[in-house]
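As structure tokens, the structure follows; a few thoughts come after it.
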């Protein structure tokens with residue numbers, strides 16, 4: 160599960176310089192297909208796009224209503240990392256493993272992300288903490304996405 164998962168040890172207070180995670184950046188093979196997937200699956204809206212011409216890189220920033228963003232980047236000379244088949248396998252490689260979104264309707268959003276083209280990795284179910292349910296999916300390029308739902312009124 161994600162390191163920000165409520166079953167992890169309490170995080171220290173954020174410093175004055177750090178207020179929140181702003182975005183997750185993903186290098187993708189097919190930028191246009193990734194934009195379609197993330198807008199359809201998670202309801203993100205395109206905020207802006209730009210190119211870094213000397214790097215031959217195209218970038219699209221998608222933003223959620225609650226403020227977080229997914230920055231999709233594509234270069235014609237990029238090579239895919241081997242995708243992890245599940246969250247436990249992802250930990251066998253150092254670096255990015257998955258990103259985690261806290262949700263209010265785990266089953267509904269899980270089904271919506273599946274309908275948009277994701278693959279089932281771990282179906283929605285109970286987490287080790289009794290007030291938490293979670294599930295994992297993979298986007299069409301194999302990037303792992305965790306969805307967690309915390310019971311309303313839980314004191315985590």
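Residue numbers (our numbering): 160 to 315. No residue lacks a Cβ here, since even glycine has one placed at the ideal position from N, Cα and C.
So, residue i versus residue j, is the Cβ gap smaller than 8 angstroms?
i, j, result
"residue 207", "residue 195", "no"
"residue 235", "residue 222", "no"
"residue 249", "residue 185", "no"
"residue 242", "residue 277", "no"
"residue 200", "residue 275", "yes"
With residue i as the anchor, note down where its beta strand (DSSP E) starts and where it stops.
i, result
"residue 198", "Segment 190-201 is the alpha helix (DSSP H) holding residue 198; no beta strand (DSSP E) there."
"residue 106", "With the chain represented from 160 up to 315, any question about residue 106 goes unanswered, as that position is not in the structure."
"residue 315", "Looking at the DSSP string, residue 315 is not in any beta strand (DSSP E), and its letter there is neither H nor E."
"residue 239", "Where residue 239 is concerned, there is no enclosing beta strand (DSSP E), given that its DSSP letter is neither H nor E."
"residue 280", "278-285"
"residue 187", "Neither: residue 187 is in no beta strand (DSSP E) and is coded neither H nor E."
In terms of residues, what are the limits of the alpha helix (DSSP H) holding residue i?
i, result
"residue 248", "246-249"
"residue 269", "265-274"
With a threshold of 8 angstroms on Cβ separation, who are the neighbours of residue i within its own chain once the five nearest residues in sequence on each side are excluded?
i, result
"residue 192", "299"
"residue 273", "279 and 296"
Suppose you measure from the CA of residue i to the CA of residue j; what does that come to, to the nearest Å?
i, j, result
"residue 270", "residue 259", "16 angstroms"
"residue 265", "residue 309", "9 angstroms"
"residue 187", "residue 256", "15 angstroms"
"residue 147", "residue 176", "An answer regarding residue 147 cannot be provided, because it is not within the stretch 160 to 315 covered by the chain."
"residue 315", "residue 183", "24 angstroms"
"residue 189", "residue 232", "9 angstroms"
"residue 289", "residue 263", "16 angstroms"
Please tell me whether, using a cut-off of 7 angstroms, the distance from the CB of residue i to the nearest non-hydrogen atom of the ligand SAM is below it.
i, result
"residue 308", "As presented, the structure is devoid of all ligands, the ligand SAM included, so that no description of it is given."
What residues in its chain sit with their C-beta under 7 angstroms from that of residue i, if we drop five residues either side in the sequence?
i, result
"residue 285", "292"
"residue 203", "197, 221, 222, 223 and 229"
"residue 301", "242"
For residue i, I'd like the list of residues in its chain whose CB is within less than 6 angstroms of its CB, leaving aside the five on either flank, ordered along the chain.
i, result
"residue 261", "307"
"residue 281", "294 and 295"
Where does residue i land, buried or exposed, given buried means 16+ other C-beta within 10 angstroms?
i, result
"residue 167", "Its pLDDT being 48, under 50, residue 167 is placed unreliably in this model, and the value from its coordinates should be taken loosely. By the neighbour-count rule (16 or more Cβ atoms within 10 Å), residue 167 is not buried but exposed."
"residue 287", "exposed"
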